[in-house]
Amino acid sequence: MWPKSKPYLMSLPALVVIIVIFYGGLYEGLIQSLGYFPAAGQSSFSISAYTEILRSSDFWLSFWLTLRVSLISTMLAAVLGLVMSICLFMLSKTGSSRWIPFWRRWFQLPFVVPHLAGAYLIVLLFTQSGWLSRLAYHVGIIDEITDFPILVNEPFGIGVILAYTWKEAPFISLILYPVLLRIHDSWHDAARVFGANSLNFVKEIVLPLLMPAWFTASFIVFAFTFSAFEVPYLLGVTYPKMLPVLAYESYSGDLADRPEAMAIGILIVLITAVIGVLAYRFGRQWLTASGRGWL
Amino acid sequence: MNNARLMHGMHVVLTFLLLIIVTLPIISLVVGAFTQQMPWPRLWPEYWSLRAWEYMISPTSDVGVAIWTSLSIAAAVTVINILLAVPVADALSRYSFAGKTWIEVLLYAPIIIPAFVSVMGIHITFLRLGLTDTSFGVMLAHIAPSLPYMIRALMISFGTLGFEWEEQGRMLGARRMQRFRHIVLPHILPGIVVGSGLSMLVSLSQYLITFLIGGGQVITIPILLFPFASGGDPNIAAAYTLVFAGLAAAALWGLDVLLNMYYRRR
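Listed in order, the protein sequences are those of chains A and B.
For reference, each letter of the first sequence is one residue, going 59 to 353 in our numbering.
For reference, each letter of the second sequence is one residue, going 16 to 281 in our numbering.
Encoded structure:
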């Protein structure tokens with residue numbers, strides 16, 4: 059056997075499968091978005107689906123809503139995830155070691171809960187008849203069920219943001235925690251010798267070390283929240299819809315709307331691909347420096 | 016010293032706060048699953064109820080079938096992912112060759128790029144091939160979003176395995192399969208376990224692509240949960256959610272626990 063071809067042969071099975079079932083699907087989606095859809099009697103190419111979408115106000119409303127929701131969710135999850143990882147890290151320095159694995163798993167719980175289930179937890183907790191509103195009544199903040207604000211299925215997407223923040227913060231901490239574990243006690247001592255207090259230590263050593271992983275994790279969360287379907291489908295409103303829901307609804311509707319549905323899908327793919335490239339750029343340092351990346 | 020005490024106090028408060036944020040939804044879920052139409056200001060049920068669970072084990076619900084379908088699809092996806100990922104993860108982490116970065120990018124892209132768009136596009140071909148409405152078709156659709164996690168987990172394992180052990184094995188007369196079985200496999204086993212957990216988790220969690228390809232004929236737990244969660248019986252929805260989350264947690268952590276038990280026995 060030609061020795062140079064060995065790694066290519068080893069990569070071949072996975073590559074073939076992914077190219078056929080993933081990129082093949084994207085390719086079919088692309089040509090359908092260009093109006094090539096023999097099943098509906100269309101066999102010519104045009105970009106009319108794209109021009110129509112980019113001209114419709116519904117699309118732009120959905121776009122800004124999606125962008126806003128995913129940006130806010132990402133920022134909240136990033137901050138909460140950072141705090142979570144630092145708390146876990148400090149716990150591992152001070153707490154008794156027997157309980158550390160337990161607490162680490164407990165904090166990971168939202169990461170394990172599937173998105174649809176996580177969305178339903180938000181329904182149980184944050185609707186007007188939900189658990190928090192009952193709690194607020196007993197604490198004496200509200201007197202009537204209607205005093206509790208509407209947080210789920212309302213046009214700003216608060217419920218969606220809450221669900222994503224709860225779900226993704228542990229994901230971020232899962233990525234940051236191993237990076238923190240690389241910080242040795244001796245570094246803290248050395249920093250003290252040079253006159254740094256704890257705050258300096260965090261600012262000068264801990265944060266720069268975390269940055270690349272933090273950025274990459276946040277980009278992944280942003281791409282995910284921008285393009286995921288389950289949570290906004292359950293917690294959103296009929297108008298304006300978030301982009302993935304808009305794509306699905308026009309896909310499942312009239313066959314004649316298929317090109318537009320696929321065009322929205324392809325636009326989502328393009329946007330997430332750009333985010334992916336940014337994540338890779340920011341994360342390269344972190345991915346190669348440690349060689350272990352995430353998990 | 017005062018500074019250290021302040022840090023400690025902040026740490027305790029923040030940890031406690033995070034604990035509440037993580038735990039509160041779970042408590043409301045458990046309460047929801049074991050009660051029956053609790054009137055509004057009540058925080059804690061007057062009496063507990065197993066009605067949702069009685070419904071679940073009754074023949075009218077498909078929950079047994081759904082658990083079986085979910086798990087068998089997830090298991091099949093995971094086995095296929097292991098077979099595909101072992102060679103490519105080996106190549107990507109232990110060999111250097113031209114185009115390696117591009118192969119990595121192609122294989123990792125489904126982490127970022129949503130699979131549902133690809134599934135919408137390929138649906139028409141699946142229809143032509145008779146793969147829609149079948150568990151097999153759903154399983155094929157679950158490969159793309161889960162394979163990258165298996166590859167990543169295995170690459171980490173292969174990264175700490177040089178070629179020296181296999182060379183030694185070869186010199187001692189071990190054949191290819193023997194070298195794989197006795198040298199490579201024990202080393203990458205933790206990676207396989209982590210990758211399998213993630214792969215099962217991703218497969219179990221899919222709602223949209225299962226619905227698109229399964230067409231409502233392939234009943235998995237999320238497919239069963241959705242109508243209850245979107246305005247159906249809240250207690251049954253809570254019970255399903257509990258089963259769903261429990262299944263996912265068991266899939267992710269169960270293998271890990273088994274592996275630890277196996278290591279401890281040795």
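Glycine included, each C-beta is placed from N, C-alpha and C at the ideal position.
Computed from a prediction, not measured in an experiment: that's the story for all the values here.
Not a single C-beta of chain A is nearer than 8 Å to the C-beta of A81 of chain B.
The straight-line gap separating the alpha-carbon atoms of Y66 of chain A and L193 of chain A is approximately 60 Å.
Nearest CB-CB separation between V327 of chain A and chain B: below the 8 Å threshold. Here F95 of chain A is bridged, per DSSP, to A:Q100.
Against chain A, the CB of H26 of chain B has a partner CB under 8 Å away; the residue lies at that interface. Looking at the backbone, the Cα of L239 of chain A and that of K261 of chain A are separated by about 17 Å. With a contact defined as Cβ atoms closer than 8 Å, I224 of chain B and A156 of chain B qualify at about 5 Å.
About 5 Å separates the Cβ atoms of A321 of chain A and I111 of chain A, confirming a contact at the 8 Å cut-off. Secondary structure remark: continuous alpha helix (DSSP H) runs of at least 4 residues inside the segment 131 to 202 of chain B, in chain order: 150 to 174, 179 to 186 and 191 to 194.
Taking CB atoms only, Q90 of chain A has a neighbour in chain B less than 8 Å away. Interface criterion met: the Cβ of W55 of chain B is under 8 Å from a Cβ in chain A. Residues of chain B with a Cβ closer than 7 Å to the Cβ of V237 of chain A do not exist; the shortest Cβ-Cβ separation is about 14 Å.
With respect to A252 of chain B, Y178 of chain A sits close: the two C-beta atoms are nearer than 8 Å. Beyond the five residues adjoining it in sequence on each side, K225 of chain A comes within less than 6 Å, by CB distance, of P168 and G176 in the same chain, given in chain order. Under the 8 Å Cβ criterion, the segment 126 to 144 of chain B does not count as touching the segment 234 to 245 of chain B, having fewer than three qualifying pairs. With the criterion set as a beta carbon lying under 7 Å from some beta carbon of chain B, the members of the segment 121 to 153 of chain A are V141, M142, C145, M148 and L149, in sequence order. At a C-beta separation below 9 Å, W164 of chain A has these neighbours in chain B: L34, V37 and T38. Cα atoms of I203 of chain B and L216 of chain B: separation of roughly 20 Å, rounded to the nearest angstrom. S133 of chain B places its beta carbon less than 8 Å from that of G83 of chain A.
Note that the C-beta distance between T132 of chain A and V279 of chain A is below 8 Å. Assignment of E61 of chain B by DSSP, reduced to helix, strand and coil, places it in the coil class.
Each of A:L301, A:F229 and A:T124 was checked against the Cα of R162 of chain A, and the nearest Cα belongs to A:F229. For R240 of chain A, there are no C-beta contacts with chain B under 7 Å, since the nearest C-beta of that chain is about 15 Å from it. Apart from sequence neighbours up to five positions away, the residues of its chain that approach I180 of chain A with a beta-carbon distance below 8 Å are V210, G217, L220, A221, W224 and L293, ordered along the chain.
If you draw a straight line from the Cα of V264 of chain A to the Cα of R20 of chain B, it is about 20 Å long.
DSSP places D105 of chain B in the uninterrupted alpha helix (DSSP H) bounded by V78 to R109.
Around the CB of I127 of chain B, 16 or more other CB atoms lie within 10 Å, so the residue is classed as buried.
Within its own chain, the residues whose Cβ lies closer than 6 Å to the Cβ of S276 of chain A, once the five positions on either side in sequence are excluded, are T132 and A136, listed in chain order. By the 16-neighbour rule on beta-carbons within 10 angstroms, Q166 of chain A is buried.
No residue range can be given for Y222 of chain B, since it is assigned to no alpha helix (DSSP H) and is classified by DSSP as neither H nor E.
In the assembly as shown, K62 of chain A is an exposed residue. Its beta-carbon has fewer than 16 other beta-carbons within 10 Å. For the segment 249 to 264 of chain B, the set of positions with a beta-carbon nearer than 7 Å to some beta-carbon of chain A reads A252, A253, T256, F259, A260, A263 and A264 in chain order.
Within the same chain, Cβ atoms closer than 7 Å to the Cβ of F226 of chain B are found at I238, the five residues on either side in sequence being excluded.
Nearest Cα to Y235 of chain A within the set A:N258, A:G139, A:A249 and A:V74: A:G139.
Identification of residues in the segment 241 to 258 of chain A having a C-beta nearer than 8 Å to some C-beta of chain B yields N255 and S256, given in sequence order. Of all residues in the segment 210 to 226 of chain B, only L213, L216, L219, S220, Y222 and L223 place a beta-carbon less than 8 Å from a beta-carbon of chain A.
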